[in-house]
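Chains W and S, in that order, are what the protein sequence lines are.
The opening residue of the first sequence carries number 0 in numbering that gives the first Met the number 0; numbering runs sequentially from there.
The opening residue of the second sequence carries number 0 in numbering that gives the first Met the number 0; numbering runs sequentially from there.
Take a look at the structure below.
There are 2 protein chains.
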Amino acid sequence: MKNYYTIIISVLILLTNVFPACAQNDKPDNNAILKVIQERKSVRHFTGETVSKEDLNKILKAGMSAPTAVNKQPWSFVVVTDRATLDTLAARLPSAKMLFQAGAAIIICAIPEKANGKSTEFAVIDCTLAGENILLAVESLGLGALWTASYPDKDRMDIVRSVLNIPADIIPLNVIPIGHPTGEDKPKDKFNPDNIHWDKW
Amino acid sequence: MKNYYTIIISVLILLTNVFPACAQNDKPDNNAILKVIQERKSVRHFTGETVSKEDLNKILKAGMSAPTAVNKQPWSFVVVTDRATLDTLAARLPSAKMLFQAGAAIIICAIPEKANGKSTEFAVIDCTLAGENILLAVESLGLGALWTASYPDKDRMDIVRSVLNIPADIIPLNVIPIGHPTGEDKPKDKFNPDNIHWDKW
Numbered sequence: 000m001k002n003y004y005t006i007i008i009s010v011l012i013l014l015t016n017v018f019p020a021c022a023q024n025d026k027p028d029n030n031a032i033l034k035v036i037q038e039r040k041s042v043r044h045f046t047g048e049t050v051s052k053e054d055l056n057k058i059l060k061a062g063m064s065a066p067t068a069v070n071k072q073p074w075s076f077v078v079v080t081d082r083a084t085l086d087t088l089a090a091r092l093p094s095a096k097m098l099f100q101a102g103a104a105i106i107i108c109a110i111p112e113k114a115n116g117k118s119t120e121f122a123v124i125d126c127t128l129a130g131e132n133i134l135l136a137v138e139s140l141g142l143g144a145l146w147t148a149s150y151p152d153k154d155r156m157d158i159v160r161s162v163l164n165i166p167a168d169i170i171p172l173n174v175i176p177i178g179h180p181t182g183e184d185k186p187k188d189k190f191n192p193d194n195i196h197w198d199k200w
Numbered sequence: 000m001k002n003y004y005t006i007i008i009s010v011l012i013l014l015t016n017v018f019p020a021c022a023q024n025d026k027p028d029n030n031a032i033l034k035v036i037q038e039r040k041s042v043r044h045f046t047g048e049t050v051s052k053e054d055l056n057k058i059l060k061a062g063m064s065a066p067t068a069v070n071k072q073p074w075s076f077v078v079v080t081d082r083a084t085l086d087t088l089a090a091r092l093p094s095a096k097m098l099f100q101a102g103a104a105i106i107i108c109a110i111p112e113k114a115n116g117k118s119t120e121f122a123v124i125d126c127t128l129a130g131e132n133i134l135l136a137v138e139s140l141g142l143g144a145l146w147t148a149s150y151p152d153k154d155r156m157d158i159v160r161s162v163l164n165i166p167a168d169i170i171p172l173n174v175i176p177i178g179h180p181t182g183e184d185k186p187k188d189k190f191n192p193d194n195i196h197w198d199k200w
């Protein structure tokens with residue numbers, strides 16, 4: 000009987016060594032969340048594979064989870080998966096050549112008319128908060144993306160509006176190419192304690 | 000001998016039932032990451048407890064992990080933990096009364112002089128991306144926060160500058176109270192398929 004207990008206890012010890020974090024953690028893995036934030040990188044090199052609609056819906060849901068001033072949600076999202084449209088945007092936008100290899104793109108559209116106080120500033124801030132959620136959701140799904148700016152450049156905004164039929168009073172904030180990363184792009188460590196002021200500037 | 004194997008196999012089966020996710024998953028828990036994005040809420044009710052410097056450093060590191068246009072990092076962060084300063088901000092800012100119960104506050108400061116093209120728009124966008132990372136890091140640590148706007152309101156920016164000695168050419172974008180949530184505040188489900196345009200507006 001004593002041998003049975005020895006074996007059981009040995010196996011238990013072995014397994015808690017194999018799964019040390021799990022043995023004491025039934026909450027979400029918070030370190031993993033902070034890690035995704037730190038490991039998000041601007042991905043400029045894609046394999047050319049498509050991105051599934053399932054993943055795109057998860058990414059859009061993350062975007063719409065951002066806070067907005069007075070809960071106005073002054074946003075809309077154009078999601079491009081059509082190859083010809085991706086190529087047209089790539090050809091016409093100097094900053095978004097990586098769209099030729101991306102599988103999809105999301106264009107975050109800011110709607111000042113819907114924003115708190117009909118303010119362009121709040122519309123842009125609210126949509127930018129959604130943008131960071133989109134970039135993090137992409138990273139967490141093993142995909143890659145980067146923010147290529149349209150706003151505040153008038154020429155780029157006009158190109159994006161014209162290719163995607165976006166009305167003149169809507170601000171196409173950016174074009175976010177999304178795809179499967181080749182692995183070439185790496186995160187930067189930008190932590191700098193000089194940027195922190197404790198209690199006063 | 001047969002009994003020994005039976006016991007070992009039974010224990011193994013038991014343990015893979017107890018730790019099912021761990022047994023097959025050595026990657027970050029992606030669902031947990033998307034869940035934190037969806038469960039982040041604007042927390043307005045705090046217990047009054049302090050926030051540790053260790054947690055504040057993790058939160059600031061998350062902030063500085065955001066992307067910035069041409070990697071300019073046009074930001075600085077004032078972190079307030081001093082009770083008297085938190086109370087002064089609470090008394091003077093109509094939108095930030097919850098600072099009386101918060102344990103800390105972060106003020107994200109946008110620096111147009113350092114931004115791509117010295118642009119106020121890029122300084123604000125880059126700092127807003129950092130802001131969403133900060134809100135998510137707070138949520139992931141079991142703390143609560145919300146974005147109370149200073150920019151673009153001139154009066155509020157002047158109050159924040161004056162209490163915290165922030166120079167006139169720096170934009171105090173917001174005041175983010177941080178603390179231990181009472182549990183009263185809940186996330187909103189803002190997913191709305193009407194906000195999605197597939198391929199064209």
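Glycine included, every Cβ here is placed at the ideal spot set by N, Cα and C.
Between the CA atoms of residue j and residue i - distance to the nearest angstrom
i	j	result
S/G116	S/E48	42 Å
W/A83	S/V42	44 Å
S/W200	W/N164	6 Å
W/A144	S/V79	34 Å
S/E112	S/T67	14 Å
S/K206	S/R91	Limits of chain S in this structure are 0 at one end and 200 at the other, which puts residue 206 of chain S out of reach.
S/K187	S/W146	15 Å
S/K189	S/Y4	53 Å
S/D86	S/V162	11 Å
W/A20	W/K40	The predicted position of W/A20 is uncertain, since its pLDDT is 45 and thus under 50; no value can be drawn from it.
S/S64	S/V77	17 Å
S/K185	S/H179	14 Å
Collapsed DSSP secondary structure at residue i in the structure displayed
i	result
S/D25	Bear in mind that the predicted position of S/D25 carries a pLDDT of just 41, short of 50, making it too unreliable to give a figure here.
S/A65	coil
W/F76	strand
W/G228	No answer is possible for residue 228 of chain W: it lies beyond the span of chain W, which begins at 0 and ends at 200.
S/A114	coil
W/F121	helix
S/A20	In this prediction, S/A20 scores a pLDDT of 44, lower than 50, which makes its location untrustworthy; no coordinate-derived value is stated.
S/S139	helix
W/A90	helix
W/V174	strand
S/P180	strand
S/F202	Residue 202 of chain S is absent from the model: chain S starts at 0 and stops at 200.
Under 7 Å by beta carbon: chain S residues contacting residue i
i	result
W/K189	M63, S64 and Q72
W/S94	The contacting residues do not exist; W/S94 stays about 10 Å from chain S at best.
Chain S residues whose Cβ lies nearer than 9 Å to that of residue i
i	result
W/S118	P151
W/Q37	K60, A61 and S64
Within 7 Å, strictly: CB atoms of residue i and residue j
i	j	result
W/Y150	W/L134	no
W/I177	W/A101	yes
S/N132	W/I124	no
W/A129	S/L33	no
W/I58	W/A136	yes
S/V174	S/I106	yes
S/V50	S/A103	yes
Interface residues of chain W facing residue i [CB-CB closer than 9 Å]
i	result
S/P166	W200
S/G130	I124, T127, L128 and E131
Closer than 8 Å at the beta carbon, the chain S residues around residue i
i	result
W/T80	W197 and D198
Length-filtered (4 minimum) alpha helix (DSSP H) runs lying within the segment 148–172 of chain S:
Unbroken alpha helix (DSSP H) runs of no fewer than 4 residues, entirely contained in the segment 148–172 of chain S, are found at 153–163, following chain order.
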